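**Q**
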Amino acid sequence: SQELEQSPQSLIVQEGKNLTINCTSSKTLYGLYWYKQKYGEGLIFLMMLQKGGEEKSHEKITAKLDEKKQQSSLHITASQPSHAGIYLCGADRFKSNYQLIWGAGTKLIIKP
Amino acid sequence: EPEVTQTPSHQVTQMGQEVILRCVPISNHLYFYWYRQILGQKVEFLVSFYNNEISEKSEIFDDQFSVERPDGSNFTLKIRSTKLEDSAMYFCASRPLGGTEAFFGQGTRLTVV
């Protein structure tokens, strides 16, 4: 069965520094989603990638999907306290959208 | 800004009891989902719902689970006879036709004692 592995499990970063979170699949991905989870706030959509080599940016967050569509990275530039939280990657199991499997999450702490 | 609303935020129930988790999706959305996250574990897909019927369900979604959209605005998840292992955070989500982003509610924490 398809699995998503996220790394690292947790990350402590000095405010202002850059960071990268990775998400690796054992099989080709049909769609890759990045969400952020904060306690009491549910899951907040960040970005969705579908095509090999695709890259999307929103504010200081950039997500990429590799050509083979088996690995995605989430890069945050000049981190801020508001970036703290748990970052989750999810992937479509099949071509039908949102029957997602999920990674275990990366807990990001920003040190002032 | 429209949002998905889930009630209650926390539900405690005795093992064997029936529980109904409620969700109000965003009004013009057509796809609805339930996910759950057992404490310390990954988020898991339970079921998707479209056009008043289940479109996909996972192995977890067995006969003790059911979903309903009783009145065109609410979307409910019923667990008939709760077990201790049903304790989890349950998330509802909705998505518009053609949209790539699903909007999640804040979750209902279910504790079975």
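Sequences listed follow chains A and B, in order.
Every number in the working numbering is 505 more than the matching position in the first sequence, counting from 1.
Every number in the working numbering is 260 more than the matching position in the second sequence, counting from 1.
For each residue, glycine too, the CB sits at the ideal point set by N, CA and C.
Because the structure is a prediction, the values reported are computed rather than measured.
1) Alpha carbon to alpha carbon, what distance is there between L534 of chain A and L524 of chain A?
2) According to DSSP, is E263 of chain B helix, strand or coil?
3) I'd like the list of long-range same chain contacts for G590 of chain A, defined as Cβ closer than 7 angstroms, with 5 residues on each side in sequence excluded.
4) Quick one: what does DSSP say H588 of chain A is sitting in, helix, strand or coil?
5) Can you check whether the C-beta of Y291 of chain B is within less than 8 angstroms of a C-beta belonging to chain A?
6) Would you identify the three-state DSSP class for A571 of chain A, choosing helix, strand or coil?
7) Can you list, in chain order, the residues of its chain with a C-beta nearer than 6 angstroms to that of I298 of chain B? Leave out the 5 residues immediately preceding and following it.
8) Contact criterion: CB-CB distance below 8 angstroms. Does W539 of chain A meet it with respect to chain B?
9) Using a Cβ cut-off of 9 angstroms, which residues of the region 574-604 of chain A contact any Cβ in chain E, in chain order?
10) What distance in whole Å lies between the Cβ atoms of F351 of chain B and L548 of chain A, which are believed to be in contact at a cut-off of 8 angstroms?
11) Does any residue of chain B have a CB that is nearer than 8 angstroms to the CB of A568 of chain A?
12) Comparing C-alpha positions only, which one of A:E559, A:H563 and A:H588 sits nearest to Q576 of chain A?
13) If S318 of chain B sits next to E328 of chain B, beta carbons under 8 angstroms apart, how far is it from one beta carbon to the other, in whole angstroms?
14) For F364 of chain B, which residues in chain A fall below 7 angstroms Cβ to Cβ?
**A** In this structure, then:
1) 23 angstroms
2) coil
3) K541, Q542, K543 and L613
4) helix
5) yes
6) Here the sequence assigns Asp to residue 571 of chain A, which means Ala is not the residue at that position. Reduced to three states, the DSSP call for D571 of chain A is coil.
7) A348
8) no
9) Of the protein chains in the structure, A and B, none is chain E.
10) 7 angstroms
11) no
12) A:E559
13) Contact flag wrong, Cβ pair sits at about 18 angstroms.
14) G547 and L548
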